[in-house]
Amino acid sequence: MKTIRRHTWDVSVDQAKRIQEKLSCFVINKDAFQKIEKVQGIGIVFSKDKVSIACVNSSFPQLKILNKIVEKRDYNFPYTPGLFAFSVGPAILSVLDKIEKPDLVIFPGRGVDHPRKLGLASHLGVLLDIPTIACSKRPLWKDHPEPSVEKGARVFMEDKYRKLIGAVVRTKDKVKPIYVSIGHKISIQTAVKIILECSTNYRVPEPLRYAHMLAKRG
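Here the numbering used here is used: the first residue of the sequence shown is 1361, the next is one more, and so on.
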C-alpha cells in the first residue's frame, strides 16, 4: 500500500507528539470514499522483543476472507501511552506493502478519541490516505452513558468542543459495548454502521477478531 505522507519514526517522545499535532490537521472526519467492497482488519500482538502484525482482507458486507498475511517484526520505540503508532506503525506499513489494498481498514485502538486527535487509526489513515476506523474494547472516556442492551444501540461521544469523535456501540445483545472512533476519511455515523455490519456472533467485529487470532498464532 502506497504511503502518501511520510515522516521519520526514529524520534524522541517530544518529537513524536509534535508529529501527531501536525498530522492531526490532515484528518478528514466525513465520508470521503466512493464505495466499500473490501475491508481489512489489523491484528497486533506483542511478544518479548517482537510484534506480530496480521492483515486480513474480507469482502464487504459478505465478510468472506479474500487474503491474509502475518509477520513478526522488530520494534524500537518503547510503548508509551498516546504514542502507540510509533511502536507499531513502521511494522504495519511494512506488512501492508505485501497485501492487496482494501477500501477501508479497521484498526484496534484509537482514532481521533486521543489526546492529540491522532491515535493509530488516524495516524496511519493520514499517511496512507485511506478510510480508517478505530475500534477498542477499552474506553478512553472515564464516564459515559451506557447504550441500551440490544445490538445496534449506540451513544455518540463529543470532545470538549462538542465535535463528534466516537461512539459506545452494542455489537451483540446484552454484551459489553465496544468503542468506535473516526480514523480518517469517514464520519462516525458511517463508522458505526460498518462496524455493526462487520459484527456477527461476537463482540468484536469479524475482520478485527480474525486478524487478532492470526497475529496471536504468529
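We treat Cβ as the ideally placed atom computed from N, Cα and C, and that holds for glycine.
A straight-line Cα-Cα distance of about 28 Å links Pro1537 and Gln1380.
Counting other Cβ atoms within 10 Å of its Cβ, Val1535 stays below 16 and is therefore classed as exposed. Of all C-beta pairs linking the region 1465-1484 to the region 1440-1456, three or more are shorter than 8 Å, placing the two stretches in contact. For Gly1449, the three-state secondary structure derived from DSSP is helix. With fewer than 16 neighbouring CB atoms inside 10 Å of its own CB, Phe1406 falls in the exposed class. When the beta-carbon positions are compared, Asn1389 and Val1472 come within less than 8 Å of each other. Every beta strand (DSSP E) stretch that sits fully inside the region 1518-1565 and reaches 3 residues is listed by chain position as 1524-1529, 1538-1544. Under a 10 Å Cβ-count criterion, Ala1392 is classified as exposed, with fewer than 16 other Cβ atoms of the shown protein chains found around its own Cβ. Segment contact: the region 1511-1525 against the region 1545-1561, three or more CB-CB distances shorter than 8 Å; contact assigned. Straight-line measurement puts the Cα of Lys1497 at about 8 Å from the Cα of Val1564. Annotation: Gly1449 to Lys1461 spans about 17 Å, alpha carbon to alpha carbon. Taking Thr1440 as the centre and dropping the five residues before and after it, the same chain places the C-beta of Val1373 closer than 7 Å to its C-beta, in chain order.
Here the C-alpha atom of Leu1487 lies approximately 21 Å from the C-alpha atom of Ser1412.
Here the alpha carbons of Thr1368 and Lys1545 stand approximately 23 Å from one another. For Ala1414, the enclosing beta strand (DSSP E) stretches over residues 1410-1419.
By the Cβ-count criterion, Ile1364 is exposed, with fewer than 16 other Cβ atoms from all chains shown falling within 10 Å of its own Cβ. The beta carbon of Glu1566 is closer than 8 Å to those of Gly1401, Ser1418, Leu1423, Cys1558, Ser1559, Thr1560 in its chain, skipping five residues each way along the sequence. Assigned with DSSP and collapsed to three states, Glu1381 falls in helix. Between the alpha carbons of Ser1541 and Leu1464 lies a distance of about 14 Å. When beta bridges are read from the DSSP output, Leu1464 appears opposite Val1399.
One alpha carbon belongs to Cys1415, the other to Leu1426, and they sit about 11 Å apart.
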